[in-house]
Amino acid sequence: MPVLSAEWHQELHEKDSRWIHPITGSPRRTTTIVRGQPVLRLCLGRIGLAIARRLAQDGAHVLVSSRKQANVDRTVSELQAESLSVSGLVCHVGKSEDRRRLVDMAVERYGGIDILVCNAAVNPFFGRMLDASEEVWDKYISACFNSLLCSRNGSIVIVSSVAGYMPFPSIGPYNVSKTALLGLTRNLAIELAPHIRVNCVAPGLIRTKFSAAVSPLTTNRVPLLLSPRLGDPSDCSGIVSFLCSAEADYITGETVAVAGGMLSHL
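If you're matching positions, the sequence shown starts at 7 in this note's numbering and goes up one per residue.
This is the structure in structure tokens:
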């Protein structure tokens, strides 16, 4: 595990303070990434795309991945058209050889990885948890955990779900995998401290294809929202960018719920 020196942290803060907002011309001190900081972004969806865009807008070199070439090509093309520093590679995070190839590309192209954002997930198994096969369980655990094993960087952000706190009916293995990510965040934060921070984001009802697919299971949660609307992927991307930034340098082992108040509690 590489040791990030005090000089590295000082350089991070100095670079961050010198970055000028491209529109206002004033120093931008909130939720910024060091310009040129390499980011490995695992798995694409609407939330994944929003996170990749935000990190690139905040100055990072972003390497995105998906198990589908079409997803990678579409994302890279869209973000490069916005003059953002983004590249991509097909990667099935459940396969060790794919993960190694992705890390090798990041090291070769950018010299290393400073930030890992893990948004790996699978299509939900519908039915009683006790009816789920061993193959189903392996699929969830492989997708959610194995993608983290390649990381040796300064900041890790894991994307979980409010289902980890408040399970949705009929998708038990999905709920359990998301709960496990909450515990994984806390334990990784301990094991990788003090030089690598690990945090988690738990999105609530966000406008995505996944939330649309499970909407019959979540309609009873809408009255729990304190916000007058459903979430947008950009609501998650800003939080992720903050957790990766110098402003969050003293935050690790935490989970931030982006859920419109659904999980507001002491």
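Cβ atoms here follow ideal geometry from the backbone N, Cα and C, with glycine treated the same way.
Those residues which DSSP pairs with residue i across a bridge
i, result
"A263", "A208"
"G237", "I212"
Length of the line joining the Cα atoms of residue i and residue j
i, j, result
"V123", "P229", "31 Å"
"C206", "V68", "19 Å"
"A255", "H201", "One detail in the question is off: residue 255 reads as Asp in this sequence, not Ala. Approximately 10 Å, taken between the alpha carbons."
"M268", "V168", "8 Å"
"T81", "S233", "30 Å"
"A195", "A76", "34 Å"
"S72", "H98", "7 Å"
"G178", "I212", "19 Å"
"K215", "G118", "33 Å"
"S89", "I53", "20 Å"
"E103", "L231", "42 Å"
"G100", "D110", "17 Å"
"V96", "V113", "16 Å"
"S176", "A199", "37 Å"
"Y171", "I257", "21 Å"
"S157", "G51", "Because the pLDDT at S157 is just 44, under 50, the model does not fix this residue reliably, and the point stays unresolved."
"K74", "D238", "23 Å"
"E197", "D79", "36 Å"
Nearest to residue i (by Cα), restricted to the options the options
i, options, result
"T185", "G118, A263 and H201", "A263"
"L236", "L85, G266, R60 and V99", "G266"
"P209", "T258, S251 and L187", "L187"
"V92", "G118, Q63 and R73", "Q63"
"R190", "S166, S251, G94 and R52", "According to the sequence displayed, residue 190 carries Leu and not Arg. Among S166, S251, G94 and R52, the Cα nearest to that of L190 is on S166."
"C250", "G51, A66 and S83", "A66"
"I57", "R213, V113 and N125", "N125"
"S83", "R115, I164 and L55", "L55"
"Y116", "Q43, D238, A87 and E197", "Q43"
"T261", "I164, D79 and V78", "I164"
Contact test: residue i Cβ vs the ligand FAD heavy atom, cutoff 6 Å
i, result
"D238", "As far as ligands go, the structure on display features none, and thus does not contain the ligand FAD."
Proximal residues to residue i (C-beta, below 6 Å), its chain only, five neighbours per side dropped
i, result
"P173", "N181"
"I162", "L122 and V204"
"Q16", "The predicted model places Q16 with a pLDDT of 42, which falls under 50 and marks its position as unreliable; any figure quoted below should be read in that light. So no residue of the chain qualifies."
"G5", "Outside the displayed range of the chain (7 to 272) lies residue 5, so it cannot be described from this structure."
"L108", "S71, L95 and C97"
Own chain, CB closer than 8 Å to residue i, minus 5 neighbours either side, in chain order
i, result
"R60", "S240, S243, G244, V246 and S247"
"Q86", "V92"
Beta carbon proximity, residue i to chain C, threshold 7 Å
i, result
"Q75", "Within the model displayed, chain C is absent; a lone protein chain is all it includes."
Whole alpha helix (DSSP H) elements within the segment 161 to 220, 4-residue minimum:
178 to 198 and 215 to 219
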